[in-house]
Structure formats: C-alpha cells, structure tokens
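Those sequence lines, one after another, are chains A and B. Numbered according to our numbering, the first sequence spans residues 50 to 446. Numbered according to our numbering, the second sequence spans residues 50 to 446.
2 protein chains.
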Amino acid sequence: MVSSRCYLTDVKRAGDVIDGLKPHTIFHSGPHVEWKRMAGPMRSSMIAAMLFEGWAKTPNEAVRKAEQGEVKFDSSLDHNAISCLCGATSESMPVFEVENRTFGNKAYIALPELGMQFGRYDTKTLDNLVWVKEILAPTLREALRELGGLEMEPIISQALLMGDECHDRTVAASCLFQRTIAPSVVNVSDKKTAIQVLKYMAGIDLFFLWPIMARAKAVADAAHGVEYSTITSFLAGNGTEMGLKVSSLGHQWFKAPSPTFYVAKYNEGFSDKDSNPEVGDSILVDMQGLGGGAMAAGIAHVLSTGDSADDAIRYSKEMMRISVGKNSYFRIPVLNFEGTPVGVDIRKVLETGISQVCAVGIAHNKPGVGLIGFGMVRVPMACYQSSYEAFNKKYNG
Amino acid sequence: MVSSRCYLTDVKRAGDVIDGLKPHTIFHSGPHVEWKRMAGPMRSSMIAAMLFEGWAKTPNEAVRKAEQGEVKFDSSLDHNAISCLCGATSESMPVFEVENRTFGNKAYIALPELGMQFGRYDTKTLDNLVWVKEILAPTLREALRELGGLEMEPIISQALLMGDECHDRTVAASCLFQRTIAPSVVNVSDKKTAIQVLKYMAGIDLFFLWPIMARAKAVADAAHGVEYSTITSFLAGNGTEMGLKVSSLGHQWFKAPSPTFYVAKYNEGFSDKDSNPEVGDSILVDMQGLGGGAMAAGIAHVLSTGDSADDAIRYSKEMMRISVGKNSYFRIPVLNFEGTPVGVDIRKVLETGISQVCAVGIAHNKPGVGLIGFGMVRVPMACYQSSYEAFNKKYNG
Numbered sequence: 050m051v052s053s054r055c056y057l058t059d060v061k062r063a064g065d066v067i068d069g070l071k072p073h074t075i076f077h078s079g080p081h082v083e084w085k086r087m088a089g090p091m092r093s094s095m096i097a098a099m100l101f102e103g104w105a106k107t108p109n110e111a112v113r114k115a116e117q118g119e120v121k122f123d124s125s126l127d128h129n130a131i132s133c134l135c136g137a138t139s140e141s142m143p144v145f146e147v148e149n150r151t152f153g154n155k156a157y158i159a160l161p162e163l164g165m166q167f168g169r170y171d172t173k174t175l176d177n178l179v180w181v182k183e184i185l186a187p188t189l190r191e192a193l194r195e196l197g198g199l200e201m202e203p204i205i206s207q208a209l210l211m212g213d214e215c216h217d218r219t220v221a222a223s224c225l226f227q228r229t230i231a232p233s234v235v236n237v238s239d240k241k242t243a244i245q246v247l248k249y250m251a252g253i254d255l256f257f258l259w260p261i262m263a264r265a266k267a268v269a270d271a272a273h274g275v276e277y278s279t280i281t282s283f284l285a286g287n288g289t290e291m292g293l294k295v296s297s298l299g300h301q302w303f304k305a306p307s308p309t310f311y312v313a314k315y316n317e318g319f320s321d322k323d324s325n326p327e328v329g330d331s332i333l334v335d336m337q338g339l340g341g342g343a344m345a346a347g348i349a350h351v352l353s354t355g356d357s358a359d360d361a362i363r364y365s366k367e368m369m370r371i372s373v374g375k376n377s378y379f380r381i382p383v384l385n386f387e388g389t390p391v392g393v394d395i396r397k398v399l400e401t402g403i404s405q406v407c408a409v410g411i412a413h414n415k416p417g418v419g420l421i422g423f424g425m426v427r428v429p430m431a432c433y434q435s436s437y438e439a440f441n442k443k444y445n446g
Numbered sequence: 050m051v052s053s054r055c056y057l058t059d060v061k062r063a064g065d066v067i068d069g070l071k072p073h074t075i076f077h078s079g080p081h082v083e084w085k086r087m088a089g090p091m092r093s094s095m096i097a098a099m100l101f102e103g104w105a106k107t108p109n110e111a112v113r114k115a116e117q118g119e120v121k122f123d124s125s126l127d128h129n130a131i132s133c134l135c136g137a138t139s140e141s142m143p144v145f146e147v148e149n150r151t152f153g154n155k156a157y158i159a160l161p162e163l164g165m166q167f168g169r170y171d172t173k174t175l176d177n178l179v180w181v182k183e184i185l186a187p188t189l190r191e192a193l194r195e196l197g198g199l200e201m202e203p204i205i206s207q208a209l210l211m212g213d214e215c216h217d218r219t220v221a222a223s224c225l226f227q228r229t230i231a232p233s234v235v236n237v238s239d240k241k242t243a244i245q246v247l248k249y250m251a252g253i254d255l256f257f258l259w260p261i262m263a264r265a266k267a268v269a270d271a272a273h274g275v276e277y278s279t280i281t282s283f284l285a286g287n288g289t290e291m292g293l294k295v296s297s298l299g300h301q302w303f304k305a306p307s308p309t310f311y312v313a314k315y316n317e318g319f320s321d322k323d324s325n326p327e328v329g330d331s332i333l334v335d336m337q338g339l340g341g342g343a344m345a346a347g348i349a350h351v352l353s354t355g356d357s358a359d360d361a362i363r364y365s366k367e368m369m370r371i372s373v374g375k376n377s378y379f380r381i382p383v384l385n386f387e388g389t390p391v392g393v394d395i396r397k398v399l400e401t402g403i404s405q406v407c408a409v410g411i412a413h414n415k416p417g418v419g420l421i422g423f424g425m426v427r428v429p430m431a432c433y434q435s436s437y438e439a440f441n442k443k444y445n446g
C-alpha cells in the first residue's frame, strides 16, 4: 500500500474497460446486494442509471425491471472498479482511469457528479449526467492525455499538508488538481466549454475524491492476496451491509449490518432519523490511512461532523495503534510529520478493541433526496471477528 | 483590524493611483532609507525599476543616477502602498487595488513577480516585468472587473483551515483565488493568453500573498491614529532597519537594525553568510496575526524554515499573549478553532519579553541574486522600548 505510485491517466467509457459491465448490468458500491435488500438511496442511484441508459422511461418502469430481474446488479469492488456513495456505474458512463504503475493494474470510477451518485434521479440530475458524458468527459480526457497522465501521490501528499484528510475533505487536493489541469482544459476546448468545465470542477470541493477512490482500488488490488496476511485489503458498504476483505482470505466479504453515525452534522431540515446507515466504497480510503486515519491532518473537517480538534488528533493516533506501518510520503503536520497509518491488522483491532474509524457522507434513507450531511462511523467489530475466525480456520484449522 | 472587509477590486497603473509616485521616484519597502544606506537586494530592485522605466540603460547608469540623486526613493507604507520583499514600485508598474469597504480606504501593491521584487535585474526579470505589465495586468484587470471584485476575508479564512499561515505559506489561498478567477480569466482573454496567465499564477504558490499584503496595508491605515492606543499599527523592514509604528504616535517609525534569522533553510548552495537581514513590508501581515501569529494553522511551513510543529503551535500561543484580541473569523484548527491573535500591545511585549515573531523570505545580500530561502525573525526589542518611551513622553510627560 505504501510503494504504489498511481497516475490519473484517462477518461474512458465504462462498458469498454470495466470487467463484466455488460448491457443491462449496473455496478454498485459495497459487497453485492440484491435489489430487494437494497437501501433507498442506492435504489435511487440504480433507477437514475436505468433512466440514463434508456433501459427505462420512468422511475416506475425502472423499479419494475429491477424487481423482475431484467437488470442485473453487482459489486464494483468485485471487479476493476469502485463506486462513490450510492454509486451506480453502467456501460455508457464515463469513468476516470487510474493506473498503478508500480504493479501495472488499473481501476475505474464514474466521473464526479453529486446527483445520481448521492441517490437522486430527478430531471436536473439526469441532464447533468448527459452533460458529464458529453462535455466534461471528453474535455478531461483530452486534458489528461495532453498532460500524459497525472501522478497522484504528490497531490495527496501536498493536500495532507493543506488540511485535507483526503476523504470527506479534499478541497486542497481538488484545488491543486484544478490548478494543474486548468491550462490543458483551456487548450483542448473552446472558451464556452472551458468555462463550464472550470466552474463545474470549482463547484465540487470533493472533486479529487473520485480519483483518490480509484487510486485506493488500484492500490487495494495490488495489496490483496498475500498468504498469511491479517491485513484488511478492502472495506466498503452498500447501505445495507458493510463488509471487509482480508488480504489472505480471497474474495469473501466479512459483513455486518451497516453502522449508523456516532457523530453527524446535517444540512438544515434533516436529522438522524433521515439518515441511511453508511453507504459507499469511499471508506476504502480510510482503511488505507487517509480519511479517519488522517483526520489529524484534516482537522477542519470536524466543522462538518461535530467532532472536536482533539477528536481528530485522537483518531489518527488510534489508527496508528491498529495499523502495521506508516506511509512516510503522506505526512501529518501536527503529529510532527509522522506518516499516515497503513495496514489495519484485524488482530490489532481485536486486541485493542479499536475498530477502523471512517469519515463519511450521509445519504437520505428515502429514494431521491441525496446527500444530507457528514458524519463518522466505526466498522462493526463483527467484521473483524468473523474474518479472524475464517483466518484461524484456514491457517490454524 | 477585525472588522475590516476588504475586496480585491482592480489592477491599475501605479502612477495613476499611488500618492506621490511621480516620474523618477521609486517606492520601497520598510521605513524610508537613502540609497547610500540601502541593502544590496533592495538596491537591485531599484536598479531593475530604473531599467524597466527606461530611466537608465544599464545597471551602472542606474547606480550613477541613484547616487547623484536623479532618482528619488521613498517608503511605500508612508503612502497608500505596500512593497513585497525588496519591492520597488514605480509609475508604470501595474498594481493590485484592495479596497477596505468598511472604512473606505484603498491600498496598492505591484503585481506578483519573483525577480525584481526579490532583488534581481537580469534580462529574464526585465522581460517578465514587461509581460506582467502587458499581458498579466490587463487580463487580471478585466477578470476582476467581471467578478465585481473579490471579497478577501472568506479566502483567508478558508486558507487558514487549509494549512496556510497566510504569509510565507499561501498555497491554499493562491489555489482558491485561482479556482475563483480562472473562468473569468478564460472569458476575458484569448486561449494563448489564458493559458499563459493560468500557468504563471499556478507557478507562484505565494501568488495571493500580494493581495493579502495590500489588504494588510488597507487594514493598517484604518487602525492607525487612535489616541492613547499602545497597539502597533505598522511593521516593516528595508533590509537595513526594521521599524514599527504605534497607532497613537503618528507616522514616526521606531527603528532598530534589521534582525537576522534565528532559524532558516536555504536553497542549495546558500547559507547564513549569504543572507541579507530581514527586508520587506510583508511582516505587516504577521503583525496583524497572520504569518507568525497563525503558524499553528500553517504548521507545514516549518518544513521550509527548519522549525518543528511544536514551534509553530508555540508561536501562535505566544502571539496571543502579546495581543489584545482575536479575529474569530480567522481560525486555527489545531487550537480548537481559536481566532488568530490581533493587536500587538507594546506594553504586553515589554511585560512578557516576547516580541513579534515573523515568517520571512530571505534575500541574498549581494545585488542581483534574489530569494535564497525562508526563515523566522523576531522584531528587535529596541523598537518596542523606544516607542514606549515616546508614548510615555506624549501621554505621561
């Protein structure tokens, strides 16, 4: 997880590059979940994808097709992709390509948008999906190609020195990315398009989270499959269940019901009762030592969750206790530039009773509403317990 | 100092807006200093300005004219302007305009460039000055006018949450500024110009320091002239002497020989023996609670000076001890979002023995070399002692 050097290289069509993403198939975040067990916001995201692809004309028709099995669903992380929050990914969507040049593998994520991926399927959301596909995607594709790809670790490293924890707070990384790519955006497009694209990116403080997530998947794939390892290699939620994988234990998800938020701040008019439990693959970033593990670097994020500065510093120290190493390239200023914690060991979690802490966006539990706040969750202990039992069975049985 | 709301409104011609900036006059940083007592890097900056204005054809001719009094020198801060580092400002140069809309006054600073203002007068520097005047200035002028001016406090406030101390570390503020102005830059210029301007701004992490300095001057002018006040209202150095003003004591500078750096990091090939003592008006920013006073917000800057994270936090706490208030809009995450210290009281300095700490760029002591590193200085106690004596004489005499 420490040695990988990843590049944001391209924008491609999802169906052309994501394994198994056939017509009438939609990939979602977290461990695989069937339609009938899907949480409200994830269903919304699937509906939006069906409308976007033209597989349904109305939300009702989309629901009917899903219920009748005419559209298949599967987990992004079980393929070479990753999904943001509710994260539907279907064949016509444009995706970022991140290449792990240390290990040679690639991962994909749908381009940033705050509607479908956060559980909305209204007209504005669908219009925006078309704009993302027809305007944003070709512009960023040409711009990234002009740059010859963009090395991601220097941006993440610098962003951690600029108050990002690089999950829910990525404003610095997004600004650095925008500053780097802006001249190429201008060069490859007409004036009107360039202005639209620059404004769109500037309007999404979280913009660079999407490449960071694809990087996390490209890094996780490289770290998975080490015999005898008790390190968690994947972590994700589908809004119904949260699950983790362990490097030595193949592709089995060790799951538990999705946790709720022990601290949260909501947009006006919303409260705990509106929140869906954790949903999304972005907590893979936390598992790799950004997000919750890097909260001491991104202290200002507590303004969005209700935690204190001391909580933020404590999280990083706690994650160091359950991790086997540090990433000396991803440094935390306030901890005298110690590296972010890397490699959560399920044995250390069970020994200390400290489970992974994750910074998360909160989706409304009703279909069609979207993002309503930010909060913090802990990975359920049951995930560590069942994976440790499986480990013992495999190696000590 | 806390209530001012300032806007970056325009780019104008220095001679049109800066009081007293006539032909064959150059304004410099710090208290007024005659040519014969000027430090090497400041002389270089004056030479560059004379060459740029066409008042001299060669550096030798420029020196001769300066020696013979054919060019006059005066202090920017004694007029409605402020100068960066060595900071020559002459009539043809383009300047940012910052308007203090709370008090109605304005201040000006020459546009960002890293040659003349840092003590160079080579051909590349002079060519760049022409580019700044002919390309950068009109582009930013039109872009700022299209935006209707840019409120500065929200950018500074956000930058402090993003690891800037907002003096020597302003990369976040510069990124936020660039993200905001980029669409307008594209809109008001042709493709080639837009790309040049975006790349130029992206290449200067300190870019937004210039507007921040002009804001500091616009704020200082509004805070100056309060009867019975023992608050320092100005602080600056010319490379020979450092001086401060006290709000109640008119426009007298209380001066001492320029201090050297008690900690510093140099570019490769340079060391303490190459450094000119502190030079520049940017320490006015520190005096207002950014820079040294906000170092706990900009901890990563210690990577550029050789200090530790603990030093950074200590500086902010020390500055709170010698200041009369806090700016609740400029918050420091690691100190549980306490406001930055505002209003250094000369009595508190003398009581505690703690003098103002400032984050500074370091100019080479030989003409023509430029910036060679970053370090920290303390304001000489003599400045506080002599100003306190003057205060006693005026009010208790």
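In this text, a Cβ means the ideal position worked out from N, Cα and C, and glycines have one as well. Quick caveat, the model's predicted, so the values are computed rather than measured.
| query | result |
| --- | --- |
| Short Cβ contact (7 Å threshold) for A/Ala-98 with A/Ser-139 | yes |
| For A/Pro-143, the three-state DSSP class (helix, strand or coil) | strand |
| Proximity winner among B/Lys-397, B/Val-426, B/Pro-308, B/Glu-387, relative to B/Ile-371 (alpha-carbon distances) | B/Lys-397 |
| Within 7 Å, strictly: CB atoms of A/Pro-187 and A/Leu-160 | no |
| First and last residue of the uninterrupted alpha helix (DSSP H) at A/Glu-400 | 395-401 |
| Chain-ordered chain A contacts of B/Leu-210 [CB-CB under 7 Å] | Gly-212, Ala-349 |
| A/Asn-316 - containing beta strand (DSSP E), residue span | No beta strand (DSSP E) contains A/Asn-316, which DSSP labels as neither H nor E. |
| Chain B contact for A/Val-312 (CB, 7 Å cutoff) | no |
| Residue environment, B/Glu-102, which counts as buried when at least 16 other CB atoms sit within 10 Å | buried |
| Cα-Cα separation between B/Glu-148 and B/Gln-227, rounded to whole angstroms | 20 Å |
| DSSP state of A/His-273 mapped onto helix, strand, coil | coil |
| Straight-line Cα distance separating B/Leu-209 from B/Asn-129 | 27 Å |
| For A/Leu-255, three-class secondary structure by DSSP | coil |
| Stretch-stretch touch, CB-based, cutoff 8 Å, three pairs: the segment 342-354 of chain A with the segment 206-222 of chain A | yes |
| Inter-stretch contact at 8 Å, needing at least 3 Cβ pairs: the segment 164-179 of chain B / the segment 114-125 of chain B | no |
| Nonlocal neighbours in the same chain, by C-beta distance under 7 Å from A/Ser-357, ignoring five residues either side | Val-351 |
| Among B/Gly-338, B/Thr-107, B/Ala-243, B/Tyr-437, nearest to B/Ala-368 - alpha-carbon criterion | The sequence as given places Met at residue 368 of chain B; Ala does not occur at that position. If we check each option's Cα against that of B/Met-368, B/Gly-338 comes out closest. |
| Of the residues B/Val-235, B/Met-250, B/Tyr-249, the one placed nearest B/Ala-449, counting alpha carbons only | Look at the range of chain B in this structure, 50 to 446, and you will see that residue 449 of chain B is not part of it. |
| Span of the beta strand (DSSP E) around A/Thr-74 | 74-77 |
| Spatially closest choice to A/Leu-420 from A/Arg-380, A/Ser-296, A/Ala-313, A/Ser-206, by CA coordinates | A/Ala-313 |
| Where B/Asp-59 falls: helix, strand or coil (DSSP) | strand |
| Close beta carbons around B/Val-295, own chain, < 8 Å, minus the five adjacent residues each side | Ser-278, Thr-279, Ile-280, Thr-281, Ser-282, Phe-303, Ile-395, Ser-436, Ala-439, Phe-440 |
| Whole-Å CB distance - B/Ser-404 paired with B/Arg-427, under 8 Å assumed | 5 Å |
| Nearest neighbour of A/Ser-132, chosen from A/Phe-152, A/Gly-118, A/Thr-151, A/His-81 [CA to CA] | A/His-81 |
| Contact with chain B by A/Arg-228, beta-carbon distance below 7 Å | yes |
| Beta-carbon spacing of B/Ala-343, B/Cys-55 below 7 Å | no |
| Rounded C-alpha distance that separates B/Asn-385 from A/Asp-359 | 8 Å |
| DSSP three-state assignment for B/Ser-362, whether helix, strand or coil | Note that residue 362 of chain B is Ile in the sequence shown here, rather than Ser. If DSSP states are grouped into helix, strand and coil, B/Ile-362 belongs with the helices. |
| Cβ distance (whole Å) where B/Pro-90 is taken to contact B/Val-383 below 8 Å | In fact, because the Cβ distance is near 34 Å, the residues do not count as touching under 8 Å. |
| Listed by chain order, chain A residues near B/Phe-423 by CB distance under 8 Å | Per Cβ cutoff of 8 Å: no residues; B/Phe-423 is ~15 Å from chain A at best. |
| For B/Ile-96 and B/Phe-319, the rounded distance between their alpha carbons | 23 Å |
| Unbroken alpha helix (DSSP H) run spanning A/Glu-438, endpoints | 430-444 |
| DSSP beta-bridge partners of B/Ser-372 | B/Val-393 |
| Whole runs of the alpha helix (DSSP H) within the segment 90-136 of chain A, excluding any shorter than 4 residues | 108-116 |
| Beta-carbon proximity check, A/Ala-454 vs A/Ile-204, cutoff 7 Å | A question about residue 454 of chain A goes unanswered here, because the residues of chain A that appear run from 50 up to 446. |
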